[in-house]
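One structure is given here, and the rest of the page talks about it.
Put into structure tokens, the structure is as follows:
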């Protein structure tokens, strides 16, 4: 029962915070007016991708919490993750958001590297997240360059 509670708290918590951040700082006319790269996905792609990633991120957090592993890198990447949206969409500061997303990517890769030996499943679960954040970094950098 304790294990189910831990996973539920992590999954619900991450999803609720992600939903709150996304709802408070929705894309607006400013974003619509930006020049975007040709490989920018349609807006509808982001919500389902992030929802799935947030569930996986939460499962990894729960796994590491349950096993008593240090959560500093996991918490750091979550803080950066939740900071990106307000920086980009709320403050309209794509360069600041780029610094955040690059730092987040470095933190995710560091998490994968540090968990690789102790918890290979957590490390592997973070690989698609790292790939998506690398893509997001490229999108963000392209928007900075084009605008």
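Numbering (this note's numbering), first residue to last: 4 to 150.
Where a beta carbon is used, it is the ideal one built from N, C-alpha and C, also for glycine.
Distances from the CA of residue 28 to each of 95, 18 and 51 were compared; the closest alpha carbon is that of 95.
For residue 123 against residue 69, the beta-carbon gap comes to about 16 Å, at or over 8 Å, which does not count as contact. Counting only residues of its own chain and dropping the five nearest sequence neighbours on each side, residue 43 has a CB closer than 7 Å to the CB of 142. For the pair residue 59 and residue 128, the CB atoms are nearer than the 8 Å cut-off. Under the three-state reduction of DSSP output, residue 33 falls in the helix class. In the three-state DSSP reduction, residue 94 falls in the coil class, being neither helix nor strand.
Under the three-state reduction of DSSP output, residue 4 falls in the coil class, being neither helix nor strand. If you check the CB distance, residue 67 and residue 125 come in under 8 Å.
Close CB contacts of residue 86 within its chain, under the 8 Å cut and outside five residues either way in sequence, are with 103 (chain order).
At the C-beta level, residue 133 and residue 112 come within 8 Å of one another.
Straight-line spacing of the CA atoms in residue 92 and residue 83 works out to 14 Å. With a threshold of 16 other beta carbon atoms within 10 Å, residue 26 falls short and is exposed. Cβ neighbours of residue 115 within its own chain (closer than 6 Å, five residues either side excluded): 126 and 129.
The C-alpha of residue 136 lies about 33 Å from the C-alpha of residue 4.
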